[in-house]
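Q:
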């Protein structure tokens with residue numbers, strides 16, 4: 001409810017149903033800080049910090065996700081290039097740095113924010129270039 005991950009997953013599955021493709025799901029709760037720390041970050045957001053400042057206040061980078069397993073997963077599936085479903089330019093850079101052939105992107109922009117995720121989505125756009 002506070003993020004857009006559920007909506008983005010649904011959009012991805014709808015796209016794949018129509019066009020083919022695959023979802024690689026990596027367990028990276030809270031941009032890689034884990035569920036317990038995500039809850040702590042939410043508590044900080046409740047007192048006014050945005051999602052980026054909450055993570056850094058807890059001693060984490062704004063995005064701690066790791067993608068090192070992705071190249072071998074793609075190789076195991078026989079996938080040589082991908083069109084990445086993302087709004088995150090850093091995700092594209094990180095995957096390319098690992099040797100993933102990202103030939104394009106498909107934006108996953110959730111059409112409407114709700115009262116619980118509006119600030120989160122604004123922060124991602126303004127501070128994380130989404």
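Residue numbers (full-length UniProt numbering): 1 to 130.
Using N, Cα and C, we set each Cβ at its ideal position, and we do this for glycine too.
#1: When you compare the CB positions of residue 58 and residue 24, do they come within less than 8 Å of one another, or not?
#2: Taking 6 Å as the limit between beta carbons, can you name the residues of its chain near residue 89, skipping five residues before and five after?
#3: Apply the 10 Å Cβ neighbour rule to residue 123 and answer buried if 16 or more other Cβ atoms are within range, or exposed otherwise.
#4: Considering only C-alpha positions, which residue in the set 107, 68, 121, 111 is nearest to residue 97?
#5: Just to confirm the assignment, what range does the beta strand (DSSP E) spanning residue 92 have?
#6: Going by CA-CA distance only, name the one from 20, 64, 125, 40 that's closest to residue 32.
#7: For the candidate residues 93, 121, 46, whose alpha-carbon lies nearest to that of residue 110?
#8: How is residue 30 classed by DSSP in three states: helix, strand or coil?
#9: Let's test the definition: count the other Cβ atoms within 10 Å of the Cβ of residue 62 and tell me whether it reaches 16, buried, or not, exposed.
#10: Could you name each continuous alpha helix (DSSP H) segment of 4 residues or more that falls completely within the segment 52-116, going from the start of the chain to the end?
#11: Can you tell me whether residue 16 is buried or exposed, with buried defined as 16 or more other CB within 10 angstroms of its CB?
#12: Is the beta carbon of residue 103 less than 8 Å from the beta carbon of residue 82?
#13: Here's the rule: buried if 16 or more other CB atoms are within 10 angstroms of the residue's CB, otherwise exposed. What is residue 47?
A: Here's the rundown:
#1: no
#2: The beta carbon of residue 89 lies closer than 6 Å to those of 129 in the same chain, with the five residues before and after it left out.
#3: buried
#4: Per the C-alpha coordinates, the member of 107, 68, 121, 111 positioned closest to residue 97 is 68.
#5: Per DSSP, residue 92 belongs to no beta strand (DSSP E); it is in the alpha helix (DSSP H), 89-97.
#6: When only C-alpha atoms are compared, the closest one is 64.
#7: 121
#8: For residue 30, the three-state secondary structure derived from DSSP is helix.
#9: buried
#10: The segment 52-116 contains these whole alpha helix (DSSP H) runs: 70-76, 89-97.
#11: exposed
#12: yes
#13: exposed
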